[in-house]
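Student: In the numbering used here, the protein residues as written are 125 to 283.
Would you mind keeping the following structure in view while I ask a few things?
Dropping the structure here:
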């Protein structure tokens with residue numbers, strides 16, 4: 125019976141090759157993080173990755189309504205006198221982004237800058253004129269024709 129013995133140098137090379145292979149396998153299983161959207165009020169901020177994102181490609185039209193109706197996981201408290209500041213990663217701004225309230229577009233065309241500021245009072249009155257204490261604000265990355273990302277935040281009115 126013959127037993128093959130590896131030299132110390134060959135054993136190290138085999139271990140190194142195995143470690144590199146395992147590392148590449150682990151890295152290939154990782155998901156690329158989505159771009160970040162941030163809402164800031166005063167000195168407080170909340171950031172979120174996308175609720176729906178397809179690596180920059182358009183989201184299927186059949187999935188958009190469900191994505192728009194997801195509940196926000198991040199929230200921030202605001203006073204009606206505050207300014208609500210929205211910030212997005214440059215890749216979102218390159219495509220353009222729109223603010224949605226209650227699943228409906230609140231503006232006619234996509235905004236192309238990374239930052240904007242809106243008075244908080246604009247978010248706490250409904251179309252019927254009633255005031256609300258909570259509002260879901262959705263940032264929708266879109267080119268005007270296709271939707272590529274959706275981020276949700278809840279604004280809570282300070283009592």
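Heads up, the beta-carbon is just placed ideally off N, CA and C, and yes, glycines get one too.
Please go through the same chain and pick out, in chain order, the residues whose beta-carbon is closer than 8 Å to the beta-carbon of residue 187, but skip the five residues on each side of it.
Tutor: Counting from 1 along the chain shown, the entry for residue 187 is found at position 63. 176.
Student: For the stretch 198–215 against the stretch 266–278, do three or more pairs of beta-carbon atoms, one drawn from each stretch, fall closer than 8 Å, so that the two count as touching?
Tutor: Cβ pair count under 8 Å is three or more, so yes.
Student: According to DSSP, is residue 197 helix, strand or coil?
Tutor: Numbered from its first residue, the chain shown carries residue 197 at position 73. The answer is coil: DSSP assigns residue 197 none of H, G, I, E or B.
Student: For residue 237, which option in 213, 170, 192, 185 has the closest C-alpha, if you only look at C-alpha atoms?
Tutor: In the chain shown, counting from the first residue as 1, residue 237 sits at position 113. Taking only the C-alpha atoms, the option nearest residue 237 is 213.
Student: Which class does residue 186 belong to by DSSP, given the choice of helix, strand or coil?
Tutor: The sequence position of residue 186 within the chain shown is 62, counting from 1. Three-state result, residue 186: coil.
Student: Please return the same chain residues whose Cβ sits closer than 8 Å to the Cβ of residue 222, not counting the five positions on each side in sequence.
Tutor: Here residue 222 refers to the residue found at position 98 when the chain shown is read from its first residue. Once the five neighbours on either side are set aside, the close Cβ partners of residue 222 are 229, 230, 231, 233, 234, 235, 263, 264, 266.
Student: Report the partner residues of residue 161 according to the DSSP bridge assignment.
Tutor: Along the chain shown, one-based indexing puts residue 161 at 37. In the DSSP output, where bridge partners are listed per residue, residue 161 has 172, 212.
Student: Can you name the residues that DSSP bridges to residue 249?
Tutor: Here residue 249 refers to the residue found at position 125 of the chain shown. For residue 249, which the question treats as bridged, DSSP gives the partners 255.
Student: Counting only the same chain and skipping the five closest in sequence on each side, list residues whose C-beta sits under 7 Å from that of residue 193.
Tutor: Looking up residue 193 in the chain shown gives position 69. Excluding sequence neighbours, residue 193 sits near 227.
Student: Could you check if residue 174 is buried or exposed, using at least 16 other CB atoms within 10 Å of its CB as the buried criterion?
Tutor: Here residue 174 refers to the residue found at position 50 when the chain shown is read from its first residue. Buried, since its Cβ has 16 or more Cβ neighbours within 10 Å.
Student: Near residue 179, which residues of its chain fall below 8 Å by C-beta distance, leaving aside the five closest residues on each side in sequence?
Tutor: Reading the chain shown from its first residue, position 55 is the one you call residue 179. Hits under 8 Å: 156.
Student: Please state the DSSP three-state secondary structure of residue 266.
Tutor: Here the question's residue 266 lines up with position 142 in the chain shown. Residue 266: strand per DSSP, three-state reduction.
Student: With respect to the beta strand (DSSP E) encompassing residue 103, which residues constitute its N-terminal and C-terminal limits?
Tutor: Only positions 125 to 283 of the chain appear in the structure, and residue 103 is not among them; the question remains open.
Student: By alpha-carbon positions, which one of 271, 244, 268 ends up nearest to residue 259?
Tutor: Working through the chain shown from its first residue, we reach residue 259 at position 135. For residue 259, the nearest C-alpha among the options comes from 244.
Student: State the DSSP-derived secondary structure class of residue 229, mapped to helix, strand or coil.
Tutor: Counted from its first residue, the chain shown places residue 229 at position 105. Here residue 229 sits in strand by DSSP.
Student: Using the Cα positions of residue 166 and residue 218, report the straight-line distance between them to the nearest angstrom.
Tutor: By one-based count along the chain shown, residue 166 stands at place 42. By one-based count along the chain shown, residue 218 stands at place 94. In a straight line, the C-alpha of residue 166 is about 26 Å away from that of residue 218.
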